[in-house]
Amino acid sequence: MNTSKYKRLPYSMSNFGWLITENYAYVDKTRFIEMMEKEANRNHFFIRPRKFGKSLFFSMLSYYYDINLKEDFEKYFGELYIGKNSTSQRNSYAMLTFDFSGLDTSGEEEFKKSFSFEVQESVRLFLNLNTAVFSNAEVLIKKIDELQLGLGALKMAFDEAKKNDVKIFVIIDEYDHFANDLIAMGEYSGKDFYKKMVAANGLVRDFYERIKDATKTSVHRTFITGISPVMLDDLTSGYNIAQILTLSSKYNEMMGFTQKEVDWLRDVTGVNPELITVDMEKYYNGYLFNAEGENRVYNPAMVLYFFNQILDHGRPPKNIIDLN
Numbered sequence: 002m003n004t005s006k007y008k009r010l011p012y013s014m015s016n017f018g019w020l021i022t023e024n025y026a027y028v029d030k031t032r033f034i035e036m037m038e039k040e041a042n043r044n045h046f047f048i049r050p051r052k053f054g055k056s057l058f059f060s061m062l063s064y065y066y067d068i069n070l071k072e073d074f075e076k077y078f079g080e081l082y083i084g085k086n087s088t089s090q091r092n093s094y095a096m097l098t099f100d101f102s103g104l105d106t107s108g109e110e111e112f113k114k115s116f117s118f119e120v121q122e123s124v125r126l127f128l129n130l131n132t133a134v135f136s137n138a139e140v141l142i143k144k145i146d147e148l149q150l151g152l153g154a155l156k157m158a159f160d161e162a163k164k165n166d167v168k169i170f171v172i173i174d175e176y177d178h179f180a181n182d183l184i185a186m187g188e189y190s191g192k193d194f195y196k197k198m199v200a201a202n203g204l205v206r207d208f209y210e211r212i213k214d215a216t217k218t219s220v221h222r223t224f225i226t227g228i229s230p231v232m233l234d235d236l237t238s239g240y241n242i243a244q245i246l247t248l249s250s251k252y253n254e255m256m257g258f259t260q261k262e263v264d265w266l267r268d269v270t271g272v273n274p275e276l277i278t279v280d281m282e283k284y285y286n287g288y289l290f291n292a293e294g295e296n297r298v299y300n301p302a303m304v305l306y307f308f309n310q311i312l313d314h315g316r317p318p319k320n321i322i323d324l325n
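If you read the sequence shown in our numbering, its first letter stands for residue 2, the second for the next number, and so on.
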């Protein structure tokens, strides 16, 4: 098979920029950018099962909205839907991103330290990447390093953005990743660490309250994702500003692959349809997040795993479920 004419299969890839510039196949979900901007509420909450393309979707949002990538817009989006239908908000935000997937939940103090450090380092990176719009970013970074401000670094970033008239887009990935660990830790010790951190006046609630307060000034858009809605409910008034898009019929296909998208991905990456001897629809196409959704969607990681096995070994995998 002549592979030169085919796109590379993006198995386990979550960096949008790499997919586009290194000839990977990208299932175009950029039309949802336009849809979300038409929503009256600029703060969105959207959850999906594991391995459903959340990180790649947020990477795509970052590339689209990042003020530092304005000159590269055509390179990344020129061939996609949003490249031909761009919005007025493209490349107009300083992107502040958080990923809470790797926190230390071995104990209460360990979690507090890990959470505070993750927030601080995310703010530090945010300032370091936006020196073009924050004239004294280096001074602020030095202050963070010297004082180890933890959550206090948030106020610094928000105040600086307000002073410089910079609009911030906050993205939070794996917002609830640590929740089950905190609940289990509390059950094991007999103390409700989860409630102490999340539902009461705890560290996590404090974090979301600071972001909520900043949406009145410097934070113009937020997007939060994870697996479960439980923690958002427990945050209560700490973060009650988000529009929940999760079960909306028009966003049913925002993550995951439709049958048409699976067929396109198969053809564009050179997967021989004659080698697909397993009923993929039976195993992978069971997701419908609203009864009025137009199409059921496949779990994207499972599809990519399946196609990768065919491309690598010339046959479907013996194990239908990816061990990852």
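Built from N, CA and C at the ideal position, the CB exists for glycine as well.
Query                                                                                                                                                                            : Result
Are Arg206 and Lys156 closer than 8 angstroms when you measure CB to CB?                                                                                                         : no
Determine, using beta-carbon pairs with one atom in the region 69-84 and one in the region 26-42, whether at least three such pairs fall under 8 angstroms.                      : yes
Based on Cα-Cα distance, which residue from Glu38, Met198, Asn309, Asp235 lies nearest to Leu183?                                                                                : Met198
Can you list, in chain order, the residues of its chain with a C-beta nearer than 8 angstroms to that of Phe59? Leave out the 5 residues immediately preceding and following it. : Thr98, Ile172, Asp174, Phe224, Thr226
What does the alpha-carbon distance come out to for the pair Phe86 and Lys76?                                                                                                    : One detail in the question is off: residue 86 reads as Asn in this sequence, not Phe. C-alpha separation (whole angstroms): 15 angstroms.
Just to confirm, does Thr98 get its C-beta within under 7 angstroms of one of the non-hydrogen atoms of the ligand COA?                                                          : Absence of the ligand COA is noted for the structure shown, with no ligands found whatsoever.
If contacts are defined as beta-carbon pairs under 8 angstroms, then Asn370 and Leu130 qualify, I think. What distance do you get, rounded to the angstrom?                      : Absent from the structure is residue 370, since the part of the chain shown begins at 2 and ends at 325.
What is the DSSP secondary structure of His314, counted as helix, strand or coil?                                                                                                : helix
Just confirm the distance between the C-beta atoms of Pro50 and Ile228, as a whole number of angstroms; I'd bet it's less than 8 angstroms.                                      : 7 angstroms
Mapping the DSSP letters down to three states, classify Phe99 as helix, strand or coil.                                                                                          : strand
Is Val212 helix, strand or coil by DSSP?                                                                                                                                         : Reading off the sequence, residue 212 comes out as Ile, not Val. DSSP places Ile212 in helix when its eight states are reduced to three.
Spell out a yes or no on whether the region 145-161 and the region 211-222 are touching, meaning 3 or more CB-CB pairs, one atom from each, closer than 8 angstroms.             : yes
Apart from the five residues on each side of it in sequence, which residues of its chain come closer than 8 angstroms, Cβ to Cβ, to Gly151?                                      : Ser117, Phe118, Val120, Gln121
Rounded to whole angstroms, what's the CA-CA distance from Asp264 to Ala26? Just pull it up for me.                                                                              : 12 angstroms
When burial is assigned at 16 or more other CB atoms within 10 Å of the CB, is Leu1 buried or exposed?                                                                           : Nothing about residue 1 can be read from this structure; the chain reaches only from 2 to 325.
Quick check on the burial criterion: 16 or more other C-beta atoms within 10 angstroms. Buried or exposed for Asn24?                                                             : exposed
Does Ala180 pass the burial test, meaning 16 or more other C-beta atoms within 10 Å, or should it be called exposed?                                                             : buried
If you draw a straight line from the C-alpha of Phe46 to the C-alpha of Phe258, how long is it?                                                                                  : 20 angstroms
In whole angstroms, what is the alpha-carbon distance linking Pro318 and Tyr64?                                                                                                  : 34 angstroms
By a C-beta neighbour count over all protein chains shown, 10 Å radius and 16 as the cutoff for buried, is Leu141 buried or exposed?                                             : buried
Looking at the secondary structure, which residues open and close the alpha helix (DSSP H) in which Asp264 lies?                                                                 : 260-269
Mind checking Gln149: buried by the 16 CB within 10 Å criterion, or exposed?                                                                                                     : exposed
Taking Glu293 as the reference, give the member of Arg43, Ser249, Lys8 with the closest Cα.                                                                                      : Ser249
Identify whether Gln244 lies in helix, strand or coil by the three-state DSSP scheme.                                                                                            : strand
Residues in the same chain with beta-carbon distance under 6 angstroms from Ala302, minus the five sequence neighbours each way, listed in chain order, please.                  : Lys52
Kindly indicate which three-state DSSP category Glu296 falls into: helix, strand or coil?                                                                                        : Just to set this straight, residue 296 is Asn in the shown sequence, not Glu. Asn296 falls in the coil class under three-state DSSP.
Between Ile321 and Val269, how many whole angstroms is the CB-CB distance? I'm expecting something under 8 angstroms.                                                            : About 23 angstroms; that fails the 8 angstroms criterion.
Cutting at 8 angstroms between CB atoms, please list the residues of its own chain near Tyr66, excluding the five before and the five after it.                                  : Gln90, Arg91, Asn92, Ser93, Tyr94, Met96, Phe170, Arg222
If you compare alpha carbons, which of Asn42, Gly54, Arg43, Lys163 is closest to Ser219?                                                                                         : Lys163
If you check the beta carbons only, do Phe208 and Arg267 fall under 8 angstroms apart?                                                                                           : no
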